[in-house]
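Chains as they are written, first to last, in the numbering used here: chain C, 55 to 810; chain Z, 9 to 486.
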């Protein structure tokens, strides 16, 4: 991480939205949730709330000047409930008051009449009722049904994975300022300033150029502020515009956990056919995605699920069907991995079950089916040279897989009330937005006359280190120290039409645009220097802020050349657009090259299960992971370690609970648990794959790291299952997550009693 | 409302404060010190952590506490050190170590980690990375950067000679402070300020006031406290002492005092580790034993521990006092035998029989900083293969913290054997009436209780573990 930023953060200096000094006269908002999980809204009477001293206004759907719609693609999510209450987090009204306390105190005074309906929270039930966000998406390749018939081993089962609360430490927050000519400026904790701007403009009925959205560093996002930031920004903007006063809206933790979307639970049916030797012949899979009450990003997420349905394995024939089920939950949204973790969870579960049925080691089965050069992926892409086989081989050797297996076997023979398990897991994750148009970015690089440089891009920094990577790329390109570069906030008036910072593409897209902008500036400056020195530009370069000619230092510094360039009226700013080349996807045929490259790696996770208490510890997480030639190894290390543990949290610890009436009972940190220091394995060992591979990569030959390592959590899940299976009488595998302590104990008791 | 005078970093502040205002709001809104972050407002994330110094009896103590759960009524005469104060003289070695380990991702939790580790350096007897990790038990990082934090801690703990660090703490907190000032962990003005702190003003008792211990649960349950009476400043409720055949604990004693008191740990060595799973360090520094009892949560960890120890309570109202065995204090769900205005003055633990041992078991969704699904405490005396004393209490399995009297009696009936352990588990299951809730289903809790009963017995007699395993796996497994 950027040393300057890191130190500032450790001193508490960065300002998140709720830390900004407030302009005189700022008002505060609070959001009214519905009294029923879903149903018909009959009336809202705010008079008692308005009578409370300090309350300035209560706004409902009828006060919206523009379109009452959150969704950009299809009008299925009214912003403030009008006649339908869609879900338990659907805002009904915004209360504006002189303080947050007063605004929240006013909420229960608003009288709402509504007719509640029995909510549907189970995606399979929704599917049976035909409640889908779109027709089923089907990705089919080869001859899946015939191959199934031909299979020697026929494995059928079900995999269920749960939701996950983002729990970014900074809750959803926005500060809106009314601007002249009817405009509005919004400081928002958003991963997508462009998307937020568009939503605010639509709801306020303003042209986009009257809405500016600016995002400083976020206190975490993980996908939860990709579309989910928009409503709160729009509410703040609505109040600010209607009252012509600055307005801050910040959800408290309880509200944030109850009102905002989470990761999609999936309930998946699979049939995996293998030949006698364990080579996969056919994989047919039906995903029931719990999309929640409105589609949000569910369809894009489902697409990524289908594209990753085969995990890191060679599957010659298959059919993946995705149903985006319209349940009555708060609309599910993006979360690190974006549908790929659910896909991997399903095929990894199928393989686990297959290994059990076939009585072969799981890792042997994985190795036999590992993707390699020349294999064709379900959507017709033929793989070039891939780092996946190398990562597998290295992980096995470096982390002494065979010794591990033997040691664990011995342990499980001799230990009492304790069992161990370990698993190796390969990943293969495509990088790019699956919706091709999003794969573009712009960057604005300004060189000031003192030689300092500011860089604006569409990327939002939220802890993933994108600003470090971009600033290093610019510094390297210009030949100046990183200390001369300031990474700017992300502002829609500086960078228009930016894509969300998501899909792990932040550094690749925005960094490449910034690098090209820097390249342009360098060329301009070297031309000036060449003229001054009577040299040709090719002889010249900047290194650590000094001009070199033919490899030798000159007396010219970067700053001096910049000053001269200004005097010569050379343009010291560059705005450059970049679009990822060579990617395309034909959604109708489900064929194409949706990704610019793949990220691979192999992890080993070992756990120890306390078979008396039904609790476990993760002993080690070791991984060989391909980051390409990274400009920021420390950033990547943090991303890999953090993503793994977050992934393990998803599969073993984190669980939201909603009552049948739709009340979220896990809306606090007391009731919803995420990994803490005690969850961190004793041994964490991240190795970068040091392969001099060619092929396409991202920024400066690096590879994206944000999402892929999240998948390694599944290795922990499988290790835990192996430990369970080492206890008592064998029982069939159930692909169910999270494996909470309660589930663990139930599984152990089943194995003692010899019955499910 | 009254004028309170206190110190924030280097600055003396006099303000009219509502006693139930939370210090996090005071810092962020009134004093514009926004380096202290608010992540959850219920003491679970540590983003709002501060170092809180105040005079307690003869000594001045600085503890890491969650400012979201600290009522402003407590801070008169005290010193608050925030991240801004700690950073006032430049980068500290704590910050440097964490920066170099690449700890910072989104940065929101970072100030809390710095405060917690600084608190560790102030208070720890040893420069030991496992103790430092424990000190971060109340800090969450959702970027989940714990591995890098672990590396930062290792670096921090190898910065100085261990002996030197330990030596610096031997003659009290001020000496340690000076030592840390010399190493730029603390700004130079801290020790003199610490020394000059006045005694906190006594709390005033008005009719109908709400007794407040550490407020660590009250401020989670409600947004404000009306007319609070702060027990931490009532001298009669303080202190841990031997008194005849009892260990006498003041109703205002907090969990950390209890955990670290040599009087306690000499008698019950297991407690200092067991209490780590009860609450995080900043909560332990505030939550009181009596608060845990009066709160009457059916899964109150301390309630069980004290029940299994055979404790009784001395209750006081005005000048009238009465003593009550703890098991009679819990009447029904969240209902205790306490008159309006009556306080828990002392908790009396009978001195244990020579050779008896205390065991505490707790299973929660997450190992640390979580509320139990089921918890169990047992005081056991084993002699020649037979239990001579057994007193088990369980939580999460009944409307009140429950003494398992049948199970306890059964354990005395025959020599300890896998069969007896198993029967004890089954007996315990028959004594309880758990319900389905967010901590688990009734069935799960029932199973878990039986296994925790086995857990304490196996810890007492580890040689029984393989025998019990064989019994369990072979009997039905065949």
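By construction, the Cβ of each residue, glycine as well, lies at the ideal position given by its N, Cα and C atoms.
Sequence-distant residues of its chain with Cβ nearer than 6 Å to residue i (five each side left out)
i: residue 293 of chain C; result: 83, 148, 150 and 301
i: residue 359 of chain Z; result: 253
i: residue 447 of chain C; result: none
i: residue 139 of chain Z; result: 132
i: residue 430 of chain C; result: 436
i: residue 96 of chain Z; result: 195
Residue i in three-state terms, based on DSSP
i: residue 403 of chain C; result: helix
i: residue 320 of chain C; result: strand
i: residue 79 of chain Z; result: strand
i: residue 165 of chain Z; result: helix
i: residue 154 of chain Z; result: helix
i: residue 37 of chain Z; result: helix
i: residue 766 of chain C; result: helix
i: residue 64 of chain Z; result: strand
i: residue 151 of chain C; result: strand
i: residue 771 of chain C; result: helix
C-beta contact flag for residue i and residue j at 7 Å
i: residue 167 of chain C; j: residue 96 of chain C; result: yes
i: residue 174 of chain C; j: residue 382 of chain C; result: yes
i: residue 395 of chain Z; j: residue 402 of chain Z; result: no
i: residue 250 of chain Z; j: residue 367 of chain Z; result: no
i: residue 210 of chain C; j: residue 325 of chain C; result: yes
i: residue 516 of chain C; j: residue 275 of chain C; result: yes
i: residue 415 of chain Z; j: residue 400 of chain Z; result: yes
i: residue 656 of chain C; j: residue 480 of chain C; result: yes
i: residue 787 of chain C; j: residue 701 of chain C; result: no
i: residue 38 of chain Z; j: residue 724 of chain C; result: no
i: residue 128 of chain Z; j: residue 105 of chain Z; result: no
i: residue 85 of chain C; j: residue 455 of chain Z; result: no
i: residue 194 of chain C; j: residue 336 of chain C; result: no
i: residue 90 of chain C; j: residue 103 of chain C; result: no
i: residue 72 of chain Z; j: residue 44 of chain Z; result: no
i: residue 362 of chain Z; j: residue 323 of chain Z; result: no
i: residue 571 of chain C; j: residue 497 of chain C; result: yes
i: residue 233 of chain Z; j: residue 219 of chain Z; result: no
Bounding residues of the beta strand (DSSP E) (the contiguous stretch that carries residue i)
i: residue 652 of chain C; result: 651 to 664
i: residue 344 of chain C; result: 334 to 344
i: residue 87 of chain Z; result: 87 to 89
i: residue 355 of chain Z; result: 351 to 358
i: residue 202 of chain C; result: Where residue 202 of chain C is concerned, there is no enclosing beta strand (DSSP E), although the alpha helix (DSSP H) it sits in stretches over 198 to 204.
i: residue 371 of chain C; result: 371 to 379
Proximal residues to residue i (C-beta, below 7 Å), its chain only, five neighbours per side dropped
i: residue 426 of chain Z; result: 472, 475, 476 and 479
i: residue 133 of chain Z; result: 174 and 177
i: residue 129 of chain C; result: 123
Segment limits, alpha helix (DSSP H) that includes residue i
i: residue 679 of chain C; result: Run containing residue 679 of chain C: none in the alpha helix (DSSP H); it sits in the beta strand (DSSP E), 669 to 679.
i: residue 207 of chain C; result: Taken as a continuous stretch (DSSP letters only), residue 207 of chain C belongs to no alpha helix (DSSP H), being part of the beta strand (DSSP E) at 207 to 215.
i: residue 391 of chain Z; result: Here residue 391 of chain Z belongs to no alpha helix (DSSP H); instead the beta strand (DSSP E) covers 380 to 391.
i: residue 547 of chain Z; result: With chain Z covering only 9 through 486, there is no way to say anything about residue 547 of chain Z.
i: residue 475 of chain C; result: That residue, residue 475 of chain C, is in no alpha helix (DSSP H); its beta strand (DSSP E) goes 472 to 485.
i: residue 57 of chain C; result: 57 to 64
Own chain residues within Cβ distance below 8 Å of residue i, not counting five before or after
i: residue 794 of chain C; result: 706, 707 and 709
i: residue 272 of chain C; result: 70, 222, 224, 243, 244, 245, 279, 514, 515, 516 and 517
i: residue 238 of chain C; result: 230, 231, 232, 254, 258, 260, 264, 265, 266, 291, 294 and 295
i: residue 332 of chain C; result: 207, 408, 412, 414, 418, 419, 422 and 423
i: residue 79 of chain Z; result: 27, 28, 29, 30, 31, 220, 223, 227, 233, 236 and 238
The segment 588 to 604 of chain C contacting the segment 622 to 630 of chain C, beta-carbon criterion three pairs below 8 Å: no
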